[in-house]
Amino acid sequence: MKAGLKEKVVVGMSGGVDSSVAALLLKQQGYDVTGIMLRLWTEPGKECENSCCTPEAMTAARRVASMLEIPFYVIDARDLFRKEIVEFFFDGYRSGITPNPCVRCNQVIRWGFFLQETQNLGASYLATGHYARLEQGRDGRIILKKGLDEGKDQSYVLSGLTQEQLRATILPIGDLEKRVVRDIARNFNLPTAEKKDSQDLCFLAGDDYRHFLRRMVPEILEPGPIVDVNGKKLGEHTGLPEYTIGQRKGLGAIQEPYYVLRKEIETNSLVIGKKEELGSDTFFIETMNWISDISTSFPEKAEVKIRYKAPAVPASISLRGNGAICVKFDNKIRDITPGQQAVLYDGDVCLGGGIISQVAYK
Amino acid sequence: MTNSVYFDYAATTPVSPDVLKVMIPYFSEIFGNPSSIHQWGQSAEAVLEKARSRCGKVLNIPSENVIFTSGGTESDNFAMRGCAFSRRKLYGADEIVISPVEHDAVSKTAIQLRDEFGFVLKILPVDQFGMVDPDTVRNLLTKKTAIVSVIYGNNEIGTINPIAEIGRICQEQNIPFHSDAVQAAAHLPMDMVRDHLNLISIGAHKMYGPKGVGLLGLNSISDLLPVQTGGGQENHKRAGTQNIPLIIGLAEAFYLAQNNIEERNARFSYLRDRLICKILHEISGSQLTGHPTRRLPNHASFVFDGIDGNRLLMYLDARGFACSSGSACKVGSPSPSGVLLALGIQPELALGSLRITLGDKSTEMQVDALVQALAESIQRMRK
Numbered sequence: 001m002k003a004g005l006k007e008k009v010v011v012g013m014s015g016g017v018d019s020s021v022a023a024l025l026l027k028q029q030g031y032d033v034t035g036i037m038l039r040l041w042t043e044p045g046k047e048c049e050n051s052c053c054t055p056e057a058m059t060a061a062r063r064v065a066s067m068l069e070i071p072f073y074v075i076d077a078r079d080l081f082r083k084e085i086v087e088f089f090f091d092g093y094r095s096g097i098t099p100n101p102c103v104r105c106n107q108v109i110r111w112g113f114f115l116q117e118t119q120n121l122g123a124s125y126l127a128t129g130h131y132a133r134l135e136q137g138r139d140g141r142i143i144l145k146k147g148l149d150e151g152k153d154q155s156y157v158l159s160g161l162t163q164e165q166l167r168a169t170i171l172p173i174g175d176l177e178k179r180v181v182r183d184i185a186r187n188f189n190l191p192t193a194e195k196k197d198s199q200d201l202c203f204l205a206g207d208d209y210r211h212f213l214r215r216m217v218p219e220i221l222e223p224g225p226i227v228d229v230n231g232k233k234l235g236e237h238t239g240l241p242e243y244t245i246g247q248r249k250g251l252g253a254i255q256e257p258y259y260v261l262r263k264e265i266e267t268n269s270l271v272i273g274k275k276e277e278l279g280s281d282t283f284f285i286e287t288m289n290w291i292s293d294i295s296t297s298f299p300e301k302a303e304v305k306i307r308y309k310a311p312a313v314p315a316s317i318s319l320r321g322n323g324a325i326c327v328k329f330d331n332k333i334r335d336i337t338p339g340q341q342a343v344l345y346d347g348d349v350c351l352g353g354g355i356i357s358q359v360a361y362k
Numbered sequence: 001m002t003n004s005v006y007f008d009y010a011a012t013t014p015v016s017p018d019v020l021k022v023m024i025p026y027f028s029e030i031f032g033n034p035s036s037i038h039q040w041g042q043s044a045e046a047v048l049e050k051a052r053s054r055c056g057k058v059l060n061i062p063s064e065n066v067i068f069t070s071g072g073t074e075s076d077n078f079a080m081r082g083c084a085f086s087r088r089k090l091y092g093a094d095e096i097v098i099s100p101v102e103h104d105a106v107s108k109t110a111i112q113l114r115d116e117f118g119f120v121l122k123i124l125p126v127d128q129f130g131m132v133d134p135d136t137v138r139n140l141l142t143k144k145t146a147i148v149s150v151i152y153g154n155n156e157i158g159t160i161n162p163i164a165e166i167g168r169i170c171q172e173q174n175i176p177f178h179s180d181a182v183q184a185a186a187h188l189p190m191d192m193v194r195d196h197l198n199l200i201s202i203g204a205h206k207m208y209g210p211k212g213v214g215l216l217g218l219n220s221i222s223d224l225l226p227v228q229t230g231g232g233q234e235n236h237k238r239a240g241t242q243n244i245p246l247i248i249g250l251a252e253a254f255y256l257a258q259n260n261i262e263e264r265n266a267r268f269s270y271l272r273d274r275l276i277c278k279i280l281h282e283i284s285g286s287q288l289t290g291h292p293t294r295r296l297p298n299h300a301s302f303v304f305d306g307i308d309g310n311r312l313l314m315y316l317d318a319r320g321f322a323c324s325s326g327s328a329c330k331v332g333s334p335s336p337s338g339v340l341l342a343l344g345i346q347p348e349l350a351l352g353s354l355r356i357t358l359g360d361k362s363t364e365m366q367v368d369a370l371v372q373a374l375a376e377s378i379q380r381m382r383k
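Protein sequence lines correspond, in order, to chains A and B.
Each residue of the first sequence is one higher than the one before, starting from 1 at the first, in this note's numbering.
Each residue of the second sequence is one higher than the one before, starting from 1 at the first, in this note's numbering.
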């Protein structure tokens, strides 16, 4: 093979426009580029509907790779994904929370198993088509910033990554707007130029997660009481995993506009209430992944996202014992959900993130 | 790609310059249709029949018994279907006997004949090397056997079957015997009379000839139902205007492959045995698949404990070595090879298969470098 003139980069290719353009840009920048698609788990019988590793997506990625004259491979990660992500998804619902499998997948599959694979292949970097930016700070630390196209920003799903993982990463399209990415793809006649954005939760293959749980783990859907904040029984629920916090519809025979306030796992009860009872101003993150350095200055103020598509809202941050942190907003925020990733920002800079472990209710 | 070393000659070979040279005039200069009356057609027919005669000579059969096809797969399909249908019509014979290590072109055709056309399919036993014991063939033959098919040299595990002995047993009972010799014809001297073969499948691209052309050789068998119908080409057995340049290429490649066999095989088997020896010695948890000695001279195949064969191929490709596996899968959902399972290899182990096949450009230095890259890759994968 060629002597080490060019640095080797593996691009995680999904058959979509973003990763295709990521590969193209790296190739133009002179890297020795290899494309790899991860074959992830899909419910048996639905393999053709998974948003990112269908036969069509694979063909598309293969075509892009051949146009760019880069090698392309598919790695079987189905068993690992089933074990690490789908089980995590079930476990989350089993314990009464609403898990975020995408953040976990990035930590364990993409920047775990896959990063290791790319290094085994002799690559210096793993590149992906995420809309987020990486810079190196004066202290040598890697700074994770929002994508320039704020509407497409994906720093949220990368907020669980460590410095070591980020250091081995290139995000070639983080400083581009989505429409520019599409324009580049069109200019190079990439067959993926007009491909629709993928939805999250690839393994659901477009299905409702409730149906999926009912098929796969019916035993975790245990009916129980619907109660108000005073514990008064108002009806029956069909299993806590089937409800989301803030949900209004589907609460059975209850007439007035009621909302899901929270879930009480110990008694398997669904607590509902009026609109004015919704929300909380305080929650806790038991295990925080800090991307920025907090040893010199702790960020007492930050903007916080409580879900992927939620706006970043200013909050006060305080450190508790054992490294847990407390996030306090000025006003109540609706639908803070245990299990979801909360991500802290200072402007464009992603300070870090962690799973919401507990929400305080007055 | 140019810096990558090719070790996948059983998948396909490059067309040799000598073969390409003889093909070229027949694309645009001598382009006539051999079925035409005029002199353009006559010249094409002359070279077609010359090619047929060359192939017949190599196989030791009359030239009119050579039917040109689009390749090994078509020949296998033709032999199985053509023989099965014809024998059932003529004699009520509705049983098919094959080995469990056939190429898909034979086994899937046999399965279709069973599932869609009502034939009875009988599978011969094989030993741990994937070899058929001729005595077991005798046990399965009945008055209703329409065809027996046993692969000559196995594409996945390299094992060479005792074709002549099986052929003799079939001949004693007047039962048509077919062999897929697509791999073997590139390395072993072919002789349909010596081997008591009634039907043989050959493809050009495994022996430095072009893709898309092959032949079905027939010996003392006339009743074969045409599978492709149309014009009267190929003795009314296989319709369609003959692809003259490809057929010329096939005849030349086959002739060259059947010459200097011993000299070439001495070189190949030296490299093959060096490869096998080094891999089994230097890589723990490695096991040879197929027969240790009665195997194609250019063929080495293995299974490795705890290894995903497809990932291994990617690791090797990234290091500049092109190999293959029994479960080759480009879409990331490999299933263990039926051939390896038939040898009694456990499914998990069968997923860790590797096939290395040598060719005219392979050198000792390349072999040694491959072993080193393989050892390093496996070590990394097991970490």
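C-beta: ideal position from N, C-alpha, C; glycine also.
When DSSP reads this structure, A/E236 sits in a beta bridge with A/P225. Taking the CA atoms as reference points, A/T267 sits about 36 Å from A/R78. With contacts defined as CB atoms closer than 8 Å, A/A123 and A/V9 qualify as a contacting pair. Counting the other CB atoms within 10 Å of its CB gives B/C277 a total below 16, which places it among the exposed residues. Under the Cβ distance rule, A/P191 does not count among the residues neighbouring chain B, no pair being separated by less than 8 Å.
Annotation note: the region 64-151 of chain A contains the following uninterrupted beta strand (DSSP E) runs of length 3 or greater, listed N- to C-terminal: 72-76, 125-127, 132-136 and 142-146. For A/D76, the residues of chain B that pass the 7 Å Cβ criterion are D308, N310, G332, S333 and P334, in the order they occur in the chain. For A/L221, the CB contacts under 7 Å within the same chain, skipping 5 residues up- and downstream, are L213, R214, T238, G239, P241 and E242 in chain order. In the three-state reduction of the DSSP assignment, B/S86 falls in the helix class.
Among the CB atoms of chain A, one or more fall inside 8 Å of the CB of B/R380. Rounded to the nearest whole angstrom, the C-alpha separation of A/E194 and A/R182 is 7 Å. In the displayed model, B/F321 falls within a strand according to three-state DSSP. By the Cβ-count criterion, A/P55 is exposed, with fewer than 16 other Cβ atoms from all chains shown falling within 10 Å of its own Cβ. The continuous beta strand (DSSP E) containing A/W290 extends over residues S280 to W290. Less than 8 Å separates the beta-carbon of B/G326 from that of B/A350.
A residue is called buried once 16 or more other Cβ atoms fall within 10 Å of its Cβ, and B/L90, having fewer, is exposed. For A/E236, the closest of A/M216, A/V260 and A/P218 by C-alpha to C-alpha distance is A/V260. Shown in chain order are the members of the region 100-134 of chain A whose Cβ falls below 7 Å from a Cβ of chain B: N120, L121 and G122. The shortest CA-to-CA distance from B/R319 to any of A/V11, A/L319 and A/P71 is the one to A/P71.
Distances from the CA of B/C55 to each of B/M23, B/G249, B/Q346 and B/V137 were compared; the closest alpha carbon is that of B/G249.
Less than 8 Å divides the Cβ of A/A168 from the Cβ of A/L115. If you check the CB distance, A/I226 and A/D281 do not come in under 8 Å.
The DSSP assignment places 244-257 as complete runs of the alpha helix (DSSP H) inside the region 236-263 of chain B, in order along the chain (cut-off: 4 residues).
For chain A, none of the residues of the region 135-149 of chain B brings a beta carbon within less than 9 Å of one of its beta carbons. Residue pairing of A/D32 in beta bridges, as defined by DSSP: A/K8. Residue-level contact check: B/Y315 touches chain A, since one or more beta carbons of chain A fall below 8 Å from its beta carbon. A/F81 and A/L40 do touch by the CB rule: their CB atoms are close to 5 Å apart, below 8 Å. Residue pairing of A/I272 in beta bridges, as defined by DSSP: A/V260. Apart from sequence neighbours up to five positions away, the residues of its chain that approach A/R186 with a beta-carbon distance below 6 Å are A193, ordered along the chain. Within the region 335-365 of chain B, complete alpha helix (DSSP H) segments of at least 4 residues are found at 338-342 and 347-350, given in chain order. By the neighbour-count criterion, in which 16 or more other beta carbons inside 10 Å mark a residue as buried, B/D308 falls on the buried side. Exposure of B/E64 is indicated by the presence of fewer than 16 other C-beta atoms within 10 angstroms of its C-beta.
B/T136: member of the alpha helix (DSSP H) spanning P134 to L140, first to last residue. Relative to the Cα of A/T296, the nearest Cα in the group A/D139, A/R62, A/I85 and A/I170 belongs to A/D139.
Burial is judged here by how many other beta carbons sit within 10 angstroms of a residue's own beta carbon; B/S269 has at least 16 and is buried. For B/A318, the closest Cβ of chain A is nearer than 8 Å.
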